[in-house]
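There are 2 protein chains.
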Amino acid sequence: MTETIEQKCISKGVKLTDQRRIIARVISDSKKKYGESDHPDVDELYNRVSQIDAKISIATVYRTVKLFEEAGILTKHDFKSGKARYELNDDHNHLIDIKTGEIIEFVDEEIEELQKKIADKYGYNLVDHKLELYGIKKK
Amino acid sequence: MTETIEQKCISKGVKLTDQRRIIARVISDSKKKYGESDHPDVDELYNRVSQIDAKISIATVYRTVKLFEEAGILTKHDFKSGKARYELNDDHNHLIDIKTGEIIEFVDEEIEELQKKIADKYGYNLVDHKLELYGIKKK
DNA sequence: TTATTTGCAAACGGTTTGCCGATTA
DNA sequence: TAATCGGCAAACCGTTTGCAAATAA
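One line per chain: the protein sequences are A and B, in this order. Everything in the first sequence is counted per our numbering, starting at 1 for the first residue and increasing by one. Everything in the second sequence is counted per our numbering, starting at 1001 for the first residue and increasing by one.
Encoded structure:
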């Protein structure tokens, strides 16, 4: 397994508190408990965190995910739904079922390559990218 | 030139009012007046609309862009900036300069094809997609 | 000890909505 | 005329923030 969130915090100089450790654990456990394509929003994280320590406030959850995002630990997604959703920083794309909201993650080398090539063509170095496909399940 | 917004409204059964006509015109004129990569947010649209008719309220602008979006006339973008931005519905992608915020539009047949292929591979028909590249200008 | 963090509640900013008079088809 | 729309201001909702007490290093 790769570095834990706690290890990443230490190596990035992010101070650890009980609250942050709990939030980190909830995020790390998310995929195990809720399936591969779990992308909780802050409310949902707050619910899960509350079950471990009911005294943690939602403001702390907001502050923590922002902190983790800035430290490059989490990735924030907006999709088409109003609220921001978070997941561990990892380089993949999303295929979203517009009927059910189900999210499928995928990586495709060919697309990664093409993206770099396109940025290059316009005189840019690619530093980030976002690809979302919206689809309807075939019968 | 292709259909105007007004023509699209008529063919989609969207009732036309003075306010909507003005908003439509402002959007149509956007690229001409403000450059190829103009993606105004609602505030900015409201400013431009106000110069033509100061009595149009921002609520109407909100209602109208939403209406146009639902009619498939406009596309809403979120990028990384809090507020929603709009542009005429057209099938292209965005390359965003993370230093300056400049937006470059591009289309790439190869990427379009790949996207369809990927959706297909997971058993989906592609109905929409979003590709954003974030880059830094090369020296 | 000193800087940072947390919880609380209030503020914020973009967006939506209820009401009711005005306008469209 | 019937149905829809627009202006206003208030409500909404996700997110941020000021403050004072609590805590990490």
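All residues carry an ideal CB built from backbone N, CA and C; glycine is no exception.
Worksheet item: Does DSSP put B:Lys1121 in a helix, a strand or coil?
Response: In the displayed model, B:Lys1121 falls within a helix according to three-state DSSP.
Worksheet item: Along chain B, which residues have their Cβ under 8 Å away from the Cβ of A:Tyr122?
Response: Those are Leu1095, Ile1104, Phe1106 and Gly1135, listed as they occur along chain B.
Worksheet item: Between the region 50-69 of chain A and chain B, which residues of the former have CB atoms less than 9 Å from a CB of the latter, in chain order?
Response: Identification of residues in the region 50-69 of chain A having a C-beta nearer than 9 Å to some C-beta of chain B yields an empty set.
Worksheet item: With 16 other CB atoms within 10 Å as the buried threshold, where does B:Tyr1046 fall?
Response: So B:Tyr1046 ends up on the buried side.
Worksheet item: How is A:Asn89 classed by DSSP in three states: helix, strand or coil?
Response: Correct three-state label for A:Asn89: coil.
Fill in: Nearest neighbour of A:Lys137, chosen from A:Leu67, A:Asp78, A:Ile96 and A:Glu70 [CA to CA]
The shortest Cα separation from A:Lys137 among A:Leu67, A:Asp78, A:Ile96 and A:Glu70 belongs to A:Ile96.
Worksheet item: Taking B:Ile1098 as the reference, which of B:Ile1023, B:Thr1017, B:Glu1132 and B:Gln1007 has the closest Cα?
Response: Minimum Cα distance to B:Ile1098 is reached at B:Glu1132.
Practice prompt. Could you spell out where the beta strand (DSSP E) holding B:Glu1105 opens and where it closes?
Written response: That run of the beta strand (DSSP E) goes Ile1103 to Phe1106.
Discussion item. Check this for me: beta carbons of A:Val49 and A:Ile22, under 8 Å apart or not?
Written reply: Taking 8 Å as the Cβ cut-off, A:Val49 and A:Ile22 qualify as a contacting pair.
Practice prompt. Please report the residue range of the beta strand (DSSP E) in which B:Thr1075 lies.
Written response: Residues Leu1074 to His1077.
Worksheet item: Any beta-carbon of chain B closer than 8 Å to the one on A:Ile27?
Response: Between A:Ile27 and chain B, the shortest Cβ-Cβ separation is not below 8 Å.
Discussion item. Within 8 Å of any Cβ in chain B, is that where the Cβ of A:Val127 sits?
Written reply: Proximity of A:Val127 to chain B, defined by a Cβ-Cβ separation below 8 Å, is satisfied.
Practice prompt. Check each candidate in A:Phe68, A:Lys139, A:Glu112 and A:Gly101 and name the one with the smallest Cα separation from A:Glu87.
Written response: For A:Glu87, the nearest C-alpha among the options comes from A:Phe68.
Worksheet item: Okay, do the region 106-116 of chain A and the region 72-88 of chain A touch, 3+ Cβ pairs below 8 Å being the bar?
Response: No contact exists between the region 106-116 of chain A and the region 72-88 of chain A.
Worksheet item: Is the CB of B:Ile1118 under 8 Å away from at least one CB in chain A?
Response: B:Ile1118 belongs to the set of residues whose beta carbon lies under 8 Å from a beta carbon in chain A.
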